[in-house]
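Undergrad: One structure, pasted below without further comment.
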Amino acid sequence: AAAAAGHGGQAPPPEVRGEGVLAVPRDALPIWSPRADDVNPEKVGKKKYAAALEHFQSHWQRGDAVVVRGVEGKYTGCWKPESITRAMTDMSNKRLGTDASRDVSVIDVIDCESGETVTRSIGEFFKGFDSRAYRESKLQQHGLLKLKDWPSEDDFRQKMPRHFTDFVQMLPFQEYTNQVDGPLNLSTKLPKEWVPPDLGPKSYVAMGRVKEHGVGDSVTRLHQDMSDAVNVLVHVGPSQADEDDDDGEDEVLKERRSPR
Numbered sequence: 001a002a003a004a005a006g007h008g009g010q011a012p013p014p015e016v017r018g019e020g021v022l023a024v025p026r027d028a029l030p031i032w033s034p035r036a037d038d039v040n041p042e043k044v045g046k047k048k049y050a051a052a053l054e055h056f057q058s059h060w061q062r063g064d065a066v067v068v069r070g071v072e073g074k075y076t077g078c079w080k081p082e083s084i085t086r087a088m089t090d091m092s093n094k095r096l097g098t099d100a101s102r103d104v105s106v107i108d109v110i111d112c113e114s115g116e117t118v119t120r121s122i123g124e125f126f127k128g129f130d131s132r133a134y135r136e137s138k139l140q141q142h143g144l145l146k147l148k149d150w151p152s153e154d155d156f157r158q159k160m161p162r163h164f165t166d167f168v169q170m171l172p173f174q175e176y177t178n179q180v181d182g183p184l185n186l187s188t189k190l191p192k193e194w195v196p197p198d199l200g201p202k203s204y205v206a207m208g209r210v211k212e213h214g215v216g217d218s219v220t221r222l223h224q225d226m227s228d229a230v231n232v233l234v235h236v237g238p239s240q241a242d243e244d245d246d247d248g249e250d251e252v253l254k255e256r257r258s259p260r
């Protein structure tokens, strides 16, 4: 798993290098990439963490990339597609007063090949997420699908409280990334009477391919974010495809938030 923001890099001082691993992977790609344990104040102590935080701030001031490796929450099983499907479907059914065995929650997803928006139930989307055969036979969908900016911040907090808490707690450099009580997160300083900005977290759930189908075969096009962002890769898995199919697809579930 990884959290990322910005671009660029600088070699760190010895005291903030990962144990046995130089935090800069190679000279051609000078991105600071410590392990999560090496920037965890509970594991390295106050002195080493203070040095790591100061080094992070030197990157932050320039808008450099920082990639933190090994970011994991306490409830790793909750990020599996079936867990998210169950949580969202159960809450939607409770709100509508319907049978818990029925999937009545509907979402808009993007066909990355055509750019069109198609409507699917949460259950259908995640079945297609796990199985290309299901997507092509049952959904009549051949392009890669992407679920973007879902759910809203309020829905995430209310419908998936365990996921929300787990996500916030796994973020490195909590002084900046914790939108609830991070002392250096500007959103915590806004007057209470103001309408708060939607900082997420939100998920990006997308299919992928082992083999690209031509130039530009991608679920996310090159773009520029409007603000600094933290991205955490919480789930990656192979598709349910035939073993001899070299075009089997991988799936990626990424949670994203944009701190101010």
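Residues in the sequence shown are numbered consecutively from 1, following UniProt numbering. Ideal Cβ positions, reconstructed from N, Cα and C, are used throughout, including at glycine.
Alpha carbon to alpha carbon, how far is Leu147 from Asp225?
TA: Cα to Cα, Leu147 sits roughly 18 Å from Asp225.
Undergrad: Report yes if the C-beta distance between Pro183 and Leu190 is below 8 Å; otherwise report no.
TA: Taking 8 Å as the Cβ cut-off, Pro183 and Leu190 do not qualify as a contacting pair.
Undergrad: Phe129 and Pro81: beta carbons closer than 8 Å?
TA: Yes, the pair counts as a contact, with Cβ atoms nearer than the cut-off.
Undergrad: According to DSSP, simplified to helix, strand and coil, what is Val236?
TA: Residue state, collapsed to three classes: strand.
Undergrad: Tell me the rounded alpha-carbon separation between His163 and Trp79.
TA: Between His163 and Trp79, the C-alpha separation is close to 8 Å.
Undergrad: Taking 8 Å as the threshold (C-beta atoms), are Asp38 and Ala52 in contact?
TA: Yes, the pair counts as a contact, with Cβ atoms nearer than the cut-off.
Undergrad: Tell me which residue opens and which closes the beta strand (DSSP E) that Ala206 is part of.
TA: Per DSSP, Ala206 belongs to the beta strand (DSSP E) from Lys202 to Met207.
Undergrad: Figure out for me which residue from Ser203, Leu145 and Thr188 has the closest Cα to the Cα of Cys112.
TA: That would be Leu145, whose Cα lies nearest to the Cα of Cys112.
Undergrad: Cβ of Gln179 within 8 Å of Cβ of Thr188?
TA: Taking 8 Å as the Cβ cut-off, Gln179 and Thr188 qualify as a contacting pair.
Undergrad: Which one of Pro151, Thr165, Gln61 and Lys74 has the shortest CA to CA distance from Asp198?
TA: For Asp198, the nearest C-alpha among the options comes from Pro151.
Undergrad: With DSSP as the reference, label residue 267 as helix, strand or coil.
TA: The displayed coordinates of the chain run from 1 to 260. Any statement about residue 267 would go beyond what the structure contains.
Undergrad: In the DSSP output, what is Asn40 paired with across the bridge?
TA: For Asn40, which the question treats as bridged, DSSP gives no partner whatsoever.
Undergrad: From Glu42, Ala229 and Ser58, pick the residue whose C-alpha is nearest to that of Pro201; which is it?
TA: Looking at the Cα atoms, Ala229 is the closest of the given residues.
Undergrad: Give me whichever residues DSSP pairs with Leu147 in a beta bridge.
TA: Val205.
Undergrad: Once DSSP output is grouped into helix, strand and coil, what is the label at Thr89?
TA: Looking at Thr89 - three-state DSSP - the assignment turns out to be helix.
Undergrad: May I have the straight-line CA-CA distance separating Lys159 from Ala87, to the nearest angstrom?
TA: Rounded to the nearest angstrom, the two C-alpha atoms are 7 Å apart.
Undergrad: Can you give me the start and stop residues for the alpha helix (DSSP H) that Asp130 sits inside?
TA: That run of the alpha helix (DSSP H) goes Ile122 to Asp130.
Undergrad: Quick one: grab the DSSP three-state call for Val118.
TA: Three-state DSSP puts Val118 in a strand.
Undergrad: Taking the C-alpha atoms as reference points, what is the distance between Asp108 and Thr117?
TA: For Asp108 and Thr117, the distance between alpha carbons rounds to 6 Å.
Undergrad: For the alpha helix (DSSP H) that contains Asp166, what are its first and last residues?
TA: Unbroken alpha helix (DSSP H) run through Asp166: Pro161 to Met170.
Undergrad: Between Pro201 and the ligand PLP, is the CB less than 7 Å from at least one heavy atom?
TA: The ligand PLP is absent from the structure shown, which contains no ligands of any kind.
Undergrad: On the CB-based measure, 16 or more other CB atoms within 10 Å of its CB, does Thr119 come out buried or exposed?
TA: Classification of Thr119: exposed, given that the 10 Å Cβ count is below 16.
Undergrad: Going by DSSP, name the residue or residues bridged to Ile110.
TA: Thr117 and Lys146.
Undergrad: Count the other C-beta atoms from every protein chain shown that fall within 10 angstroms of the C-beta of Ala100, then say buried if there are 16 or more, exposed otherwise.
TA: Bear in mind that the predicted position of Ala100 carries a pLDDT of just 49, short of 50, making it unreliable; the figure below should be weighed with that in mind. Exposed, because fewer than 16 other Cβ atoms sit within 10 Å of the Cβ of Ala100.
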